[in-house]
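Single-structure report; data block below.
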Ligand SMILES: Nc1ncnc2c1ncn2[C@@H]1O[C@H](COP(=O)(O)OP(=O)(O)O)[C@@H](O)[C@H]1O
Ligand SMILES: [Mg+2]
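Residue numbers (the numbering used here): 71 to 302.
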């Protein structure tokens, strides 16, 4: 049975020493008799906004977990970004603290070595809350928050870590199209201004069709398309 624990000392996983992002060579993942990923070839450039599409069960989450090092490939080679690059994941379970407020959950990202001061962090937090339209709900406990608010809190929390790479698994599943567009705009802004690399998995083909950039499409564990969204 495959261990889902990160095993970065594995010979199958190396860290890139060049200034590149991810590189997957012939990567397969088996869950017992189920093939999660089959011979996937993928490289992700620094500063890219990449969508990973595919229907439910296509292998999107498995691929993202390979990229974040949470999952080890059964076979193939994985080269992850150098350890100096900070990868922030936003997975579907969100990993929020239920008893704490939205704002307190965001403060989990505070790191005195990254943020100049608490004041500076608070300013960034307030600005992101404003952009996502959740300022009036910052004091709400997560246990009372709806799915959309939880999703926004976990995205803000991830952005507050000032990551080099943001990995998002179905981040708009509880958001309407206006909020999904807003998220795209915010991430595009971070991409343009700060060089943030964005890897965004979604099964919503309609959402992706409106966006530029590269998409990678998975079908039953196989990477069957890599190119512009307009051709899919
Ligand atoms: N921990 C697991 N144990 C067994 N099967 C799994 C596990 N995780 C994923 N799978 C299977 O692997 C395939 C790909 O799943 P997943 O990567 O979650 O796809 P997606 O995110 O596109 O819905 C599916 O058939 C799924 O049932
Ligand atoms: Mg999934």
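Even for Gly, the Cβ is constructed at its ideal location relative to N, Cα and C.
Please read these numbers as outputs of a predicted model, since none were measured by experiment.
Delimiting residues of the beta strand (DSSP E) encompassing residue i
i           : result
residue 105 : 104-114
residue 174 : Taken as a continuous stretch (DSSP letters only), residue 174 belongs to no beta strand (DSSP E), being part of the alpha helix (DSSP H) at 172-177.
residue 284 : 284-289
residue 220 : No beta strand (DSSP E) contains residue 220, which is instead part of the alpha helix (DSSP H) from 217-230.
residue 271 : 267-272
Alpha carbon of residue i to alpha carbon of residue j, nearest angstrom
i           : j           : result
residue 146 : residue 101 : 15 Å
residue 190 : residue 156 : 20 Å
residue 93  : residue 140 : 16 Å
residue 258 : residue 243 : 19 Å
residue 237 : residue 203 : 22 Å
residue 282 : residue 177 : 33 Å
residue 160 : residue 179 : 13 Å
residue 162 : residue 240 : 7 Å
residue 129 : residue 150 : 19 Å
residue 108 : residue 91  : 21 Å
residue 111 : residue 293 : 7 Å
Endpoints, the alpha helix (DSSP H) within which residue i is located
i           : result
residue 303 : Nothing about residue 303 can be reported from this structure: the residues present for the chain run from 71 to 302 only.
residue 122 : Note, residue 122: premise wrong, no alpha helix (DSSP H); beta strand (DSSP E) at 119-123.
residue 136 : 130-137
residue 260 : 247-264
DSSP bridge partner residues for residue i (one or two, in chain order)
i           : result
residue 147 : 95
residue 159 : 237
residue 185 : Residue 185 pairs with nothing; no bridge assigned.
Top-ranked residue by Cα proximity to residue i, from the options
i           : options               : result
residue 171 : 129, 163, 203 and 214 : 214
residue 227 : 240, 284, 165 and 280 : 165
residue 284 : 267, 207 and 201      : 267
residue 232 : 260, 220 and 206      : 260
residue 173 : 224, 280 and 181      : 224
residue 222 : 235, 201 and 234      : 201
residue 104 : 294, 290, 296 and 297 : 290
residue 273 : 181, 131 and 218      : 131
residue 276 : 234, 125, 230 and 195 : 125
residue 269 : 255, 294, 181 and 137 : 137
Among all residues, which have a Cβ less than 6 Å from at least one non-hydrogen atom of ligand 1, and in what chain order do they fall? Counting only heavy atoms of ligand 1, the residues whose C-beta sits closer than 6 Å to one of them are, along the chain, 101, 104, 106, 124, 126, 127, 128, 129, 130, 131 and 132.
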